[in-house]
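>
Residue numbers (the numbering used here): 535 to 937.
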């Protein structure tokens, strides 16, 4: 079919208009922001919203804009995010109390005051112990202690194994000793930097008082918030949204609440036993061990390495390393065989290969935080994929029956 002169003229005008718009946008590029571009694209796509391809592009656009928005305003939104996470975690406890015919307002007040009291008590216990643990921290002294242990214990043992003393001494003097102070200092300073990093993050929040206030209102109106979010979906998709919310809620609540319980048990057991055995920095090592319980397989290995290095600075390092290793490995066996199956359960359903692969991939892209979120995120994605495949199979069978 031939193209008329009028259609050619219109196409020419469209090309000229597009070129002029491009020039105009280039001229005002300094004042353009992603919000302006996002709204402009939505306005352009509005007449074409019935087109499936346009709807798909719009969905991707919303996703990218959401990622940009939250990453840009992450510091400002931090109190809101923390309050929302706490409200989500504490909501089942409030529901449990309200089922006992207690008004929700009273339940919210009791739960929040109890939670804030536990946080305050934890700080009162944590801060003095951490200060006490590190008040004698001296990398030079630690390096000398390790050198003394090498001279008094390691070298005689290697000599008894048939290695010449001169070879050992040359290796210690030229290769090992210059690096000991730096290695130990870097490790323990890194542990200290965890606390300083948290302090910096908290210091960027304009006012920490806003978090308890937001938490109160979110816990009070959590059911209304869920209904409001549900209304954002089209009526035809709300049932599917409810189904997916149940899936997400089941995985996340089961994992995080169970993992928190296991971390508390780990903290108490490891700290108590290491203190009884006289291991240096026992409380700090207990905190590290509890935190790293959120990283399956790798967490206990990291804790073992850090604990072994710390044990080298105290008396009887070999005995302490053995006792600390027995403690950490025994507690890990307790978690793997009893606590995780009973508390977290088999709801995650991840194969060990998928588990390790997720840890490696998330650690590569997101660092330490990635290792913390790898397991629940992978379990959630796997469960949603299974749901999609099951729905596709059900639709296929339904079509077969109709035909």
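Heads up, the beta-carbon is just placed ideally off N, CA and C, and yes, glycines get one too.
Predicted model, so just to flag it, every value in this text is computed and none were measured.
Between which two residues does the alpha helix (DSSP H) holding residue 777 run?
First-last of the alpha helix (DSSP H) with residue 777: 772 to 811.
> Give me the Cβ distance between residue 841 and residue 800, rounded to the nearest whole Å; I'm assuming they're in contact under 8 Å.
That belief does not hold up - the Cβ atoms of residue 841 and residue 800 are roughly 13 Å apart, past 8 Å.
> For a quick check, are the C-beta atoms of residue 914 and residue 804 less than 8 Å apart?
Their beta carbons are not under 8 Å apart, which means residue 914 does not touch residue 804 by this criterion.
> Nearest-angstrom Cα distance between residue 542 and residue 580?
Between residue 542 and residue 580, the C-alpha separation is close to 26 Å.
> Examine the Cβ distances between the region 749 to 757 and the region 621 to 635 and report whether three or more of them are shorter than 8 Å.
Taking 8 Å as the limit for Cβ pairs, the verdict is that the region 621 to 635 does touch the region 749 to 757.
> State whether the region 808 to 819 contacts the region 858 to 868, with contact taken as three or more CB pairs (one from each stretch) at a distance under 8 Å.
At 8 Å Cβ cutoff, the stretches touch.
> Can you confirm whether the region 756 to 764 touches the region 898 to 910 when touching is taken to mean that 3 or more C-beta pairs between the two stretches lie within less than 8 Å?
Counting Cβ pairs under 8 Å, fewer than three are found: no touch.
> If you draw a straight line from the C-alpha of residue 637 to the C-alpha of residue 784, how long is it?
Roughly 26 Å separates the two Cα atoms.
> Taking the alpha carbon of residue 819 as the reference point, which residue from 794, 832, 845 and 795 has its own alpha carbon closest?
With distances taken between Cα atoms, residue 819 lies closest to 845.
> Can you tell me which of the three DSSP states residue 917 falls into?
DSSP places residue 917 in helix when its eight states are reduced to three.
> With DSSP run on the structure shown, which of helix, strand or coil describes residue 829?
Coil, per DSSP.
> Excluding the 5 residues flanking residue 837 on each side, which residues of the same chain have their C-beta closer than 8 Å to its C-beta?
Closer than 8 Å at the Cβ level, and outside the excluded window around residue 837, lie 819, 822, 823, 826 and 862.
> Check whether the Cβ atoms of residue 829 and residue 906 lie closer than 8 Å to each other.
A contact, by the Cβ cut-off of 8 Å.
> My guess is that residue 616 and residue 745 are in contact by the Cβ rule of under 8 Å, so how many angstroms apart are they, rounded?
Indeed, because the Cβ distance is near 6 Å, the residues count as touching under 8 Å.
> Would you kindly work out how many angstroms separate the C-alpha atoms of residue 802 and residue 600, rounded to a whole number?
Distance between the alpha carbons of residue 802 and residue 600: 40 Å.
> Alpha carbon to alpha carbon, how far is residue 588 from residue 893?
Distance between the alpha carbons of residue 588 and residue 893 is about 36 Å.
> Given 7 Å as the limit, tell me if residue 779 has its C-beta closer than that to any heavy atom belonging to the ligand ZN.
Judged by which ligands are present, the structure shown has none, so any question about the ligand ZN falls away.
> For residue 866, which of helix, strand or coil comes out of DSSP?
Looking at residue 866 - three-state DSSP - the assignment turns out to be helix.
> Distance check for residue 904 and residue 832, CA to CA, integer angstroms please.
Going from the Cα of residue 832 to the Cα of residue 904 covers about 13 Å.
> Taking only the alpha-carbon atoms, compute the straight-line gap between residue 549 and residue 771 and give it to the nearest angstrom.
About 39 Å.
> Taking only the alpha-carbon atoms, compute the straight-line gap between residue 650 and residue 644 and give it to the nearest angstrom.
Going from the Cα of residue 650 to the Cα of residue 644 covers about 10 Å.
> Since residue 621 and residue 749 are thought to touch, with beta carbons under 8 Å apart, how far apart are those beta carbons, to the nearest angstrom?
Contact holds; Cβ gap of about 6 Å.
> Going by the beta-carbon positions, is the gap between residue 604 and residue 595 smaller than 8 Å?
For residue 604 and residue 595, no; Cβs fall outside 8 Å.
> In whole angstroms, what is the alpha-carbon distance linking residue 571 and residue 590?
Those two C-alpha atoms are separated by around 18 Å.
> Please report the Cβ distance between residue 910 and residue 790, rounded to the nearest whole angstrom; I am assuming they are in contact, meaning their Cβ atoms lie under 8 Å.
Right, their Cβ atoms sit about 7 Å apart.
> Excluding sequence positions up to five away, which residues of its chain have a Cβ less than 7 Å from the Cβ of residue 739?
For residue 739, the predicted structure reports a pLDDT of 49, less than 50, and the residue's modelled location is therefore unreliable. A value from the coordinates is still provided. Hits under 7 Å: 612 and 613.
> Do residue 631 and residue 641 come within 8 Å of each other at the CB atom, strictly closer than that value?
A contact, by the Cβ cut-off of 8 Å.
> Report the rounded CA-to-CA distance for residue 916 versus residue 602, giving the unit in angstroms.
Roughly 25 Å between the two C-alpha positions.
> Within 10 Å of its beta-carbon, does residue 552 have 16 or more other beta-carbons around it, so buried, or fewer, so exposed?
Residue 552 is exposed by the Cβ-count criterion.
> Counting along the chain, where does the alpha helix (DSSP H) carrying residue 743 start and finish?
Segment: none, residue 743 is in no alpha helix (DSSP H) and carries neither H nor E.
> Which residue comes first and which comes last in the alpha helix (DSSP H) that contains residue 765?
Here the alpha helix (DSSP H) through residue 765 covers 756 to 765.
> Within the continuous alpha helix (DSSP H) that includes residue 589, where are the two ends?
From DSSP, the alpha helix (DSSP H) with residue 589 extends over 586 to 606.
> As a quick exercise: from 659, 816, 759 and 774, pick the residue whose alpha carbon is nearest that of residue 854.
Answer by Cα proximity: 816.
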